[in-house]
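Positions in the sequence shown are counted from 1; adding 126 to them yields the working numbering.
Beta carbons: idealized from backbone N, C-alpha and C, even for Gly.
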Amino acid sequence: MKVEARLFDVTTGFFFLSAIVYGLWAGEAVGTVALILTGGLSLIVGSYFHFIARRLEQRPEDNPDAEVSDGAGELGFFSPGSYWPVAVAASAALAGFAMAFWQVWLLVIAVVLVLFTVGGLVFEYHTRPDAE
């Protein structure tokens with residue numbers, strides 16, 4: 127995670143530097159605020175990666191002397207075929223449609239659907255602790 131943290135550190139610096147330069151040259155408030163907020167979001171993600179990097183053991187990506195074979199092995203479990211991402215996308219599209227036309231009743235339904243489908247995606251392979 128240290129590589130990712132460094133990447134977001136660089137982008138955070140770039141966005142804040144760009145905000146300063148843009149603010150001085152253009153003198154426009156909206157673009158400057160947008161760049162500052164983008165830098166802030168990048169700072170949040172970078173801080174999260176720094177926080178997680180302290181808790182995890184060193185990965186091959188974080189070791190400059192690592193070999194390709196150091197990263198071999200199982201990377202994790204990936205669902206072979208799940209329809210939940212399609213359902214999440216459809217419910218998010220419905221929410222976007224509801225916001226575009228400002229149909230509050232449809233937005234409420236869409237938010238419930240988004241929460242339901244995200245829950246289905248997250249807990250798709252969850253089993254009870256006592257089940258075998």
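Neighbourhood of residue i by C-beta distance below 8 Å, restricted to the same chain and skipping five residues each side
i	result
Gly245	none
Glu200	none
Phe203	Tyr251
Residue i vs residue j beta-carbon contact at 8 Å
i	j	result
Ala224	Leu233	yes
Ala221	Ala236	yes
Cβ neighbours of residue i in the same chain (closer than 7 Å, five flanking residues each side left out)
i	result
Phe175	Met127, Glu130, Ala131, Phe134
Ala179	Met127, Lys128, Ala131
Thr164	Phe141
Rounded separation between residue i and residue j - CA only
i	j	result
Ala226	Thr138	31 Å
Trp231	Asp196	53 Å
Ser168	Gln229	32 Å
N-terminal and C-terminal residue of the alpha helix (DSSP H) that residue i is part of
i	result
Leu201	From DSSP, Leu201 is part of no alpha helix (DSSP H); its letter is neither H nor E.
Glu130	128-152
Arg181	155-181
Phe242	230-248
Meets three-Cβ-pair contact criterion under 8 Å: the stretch 139-147 and the stretch 155-163
yes
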